[in-house]
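**Student:** Let me give you the structure first, and then I'll get to my questions.
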Amino acid sequence: PAQGFHVDGTDEGLINAFVPLVDVNEDNGTQIEPGSHAPVDFAFAPLPCRPPTTPRVPAGGILLLDYRTRHRGLANQTSVTRPLGYIVLAGREGLRDTNFPDDR
Numbered sequence: 002p003a004q005g006f007h008v009d010g011t012d013e014g015l016i017n018a019f020v021p022l023v024d025v026n027e028d029n030g031t032q033i034e035p036g037s038h039a040p041v042d043f044a045f046a047p048l049p050c051r052p053p054t055t056p057r058v059p060a061g062g063i064l065l066l067d068y069r070t071r072h073r074g075l076a077n078q079t080s081v082t083r084p085l086g087y088i089v090l091a092g093r094e095g096l097r098d099t100n101f102p103d104d105r
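The working numbering applies: residue 2 is where the sequence shown begins, and numbers increase by one.
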């Protein structure tokens, strides 16, 4: 099933990097709400800032999102598994205990 829209956090200075290992699109990709990363006060609002969009990303491509961008993984409607690499990029100002606690 598809995930609900969510943000990964509300701190500034962090970037999510998604690297799909198969082509992703409307049938198996990630849907985002453009512009939803700002203002932060609306990060968990029920209505999108702009209509959601699903970027097409080829295998080995990269999708970069502000950590605060509302997004969701769509249900995989293909017969192919959907492996991907995921990393959070941060400058020194982005490394906070709330995002990277010592007990994890």
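Even for Gly, the Cβ is constructed at its ideal location relative to N, Cα and C. Note that the structure is predicted; figures quoted are calculated from it, not measured.
To the nearest angstrom, how far is it from the Cα of Pro-84 to the Cα of Leu-22?
**Tutor:** Numbered from 1 along the sequence shown, position 83 holds the residue referred to as residue 84. Numbered from 1 along the sequence shown, position 21 holds the residue referred to as residue 22. If I take the Cα positions, the gap works out to 6 Å.
**Student:** With a threshold of 6 Å on Cβ separation, who are the neighbours of Leu-66 within its own chain once the five nearest residues in sequence on each side are excluded?
**Tutor:** The residue labelled residue 66 in the question sits at position 65 within the sequence shown. Hits under 6 Å: Asn-17.
**Student:** In the structure shown, what three-state DSSP assignment does Arg-73 receive?
**Tutor:** On the sequence shown, position 72 is the one that residue 73 refers to. Looking at Arg-73 - three-state DSSP - the assignment turns out to be strand.
**Student:** Going by DSSP, which residues form a beta bridge with Asn-17?
**Tutor:** The count along the sequence shown starts at 1 and reaches residue 17 at position 16. Asn-17 is bridged to Leu-66, Val-89.
**Student:** Does the beta-carbon of Tyr-68 have 16 or more other beta-carbons within 10 angstroms, so that it is buried, or is it exposed?
**Tutor:** Along the sequence shown, read from residue 1 onward, the residue named residue 68 stands at position 67. Looking at its Cβ environment, which holds 16 or more other Cβ atoms inside 10 Å, Tyr-68 is buried.
**Student:** Answer yes or no: do Gly-10 and Arg-73 have a C-beta to C-beta separation smaller than 9 Å?
**Tutor:** Position 9 of the sequence shown, counted from the first residue, corresponds to residue 10. Position 72 of the sequence shown, counted from the first residue, corresponds to residue 73. For Gly-10 and Arg-73, no; Cβs fall outside 9 Å.
**Student:** Could you name the residues of the same chain whose beta carbon sits closer than 6 Å to that of Gly-86, not counting the 5 residues immediately before and after it, in chain order?
**Tutor:** Residue 86 sits at position 85 when you count from the first residue of the sequence shown. Only Val-20 meet the Cβ criterion.
**Student:** Under DSSP, the beta strand (DSSP E) around Gln-32 begins and ends at which residues?
**Tutor:** The residue given as residue 32 occupies position 31 in the sequence shown. Here the beta strand (DSSP E) through Gln-32 covers 31-33.
**Student:** Do Pro-56 and Val-25 have their C-beta atoms closer together than 9 Å?
**Tutor:** Mapped onto the sequence shown, residue 56 falls at position 55. Mapped onto the sequence shown, residue 25 falls at position 24. Going by C-beta atoms, Pro-56 is nearer than 9 Å to Val-25.
**Student:** Does the beta-carbon of Val-8 have 16 or more other beta-carbons within 10 angstroms, so that it is buried, or is it exposed?
**Tutor:** The residue given as residue 8 occupies position 7 in the sequence shown. Buried: at least 16 other Cβ atoms inside 10 Å.
**Student:** Quick one, are the C-beta atoms of Leu-15 and Ala-76 less than 9 Å apart?
**Tutor:** Position 14 of the sequence shown, counted from the first residue, corresponds to residue 15. Position 75 of the sequence shown, counted from the first residue, corresponds to residue 76. Cβ atoms of Leu-15 and Ala-76: not closer than 9 Å.
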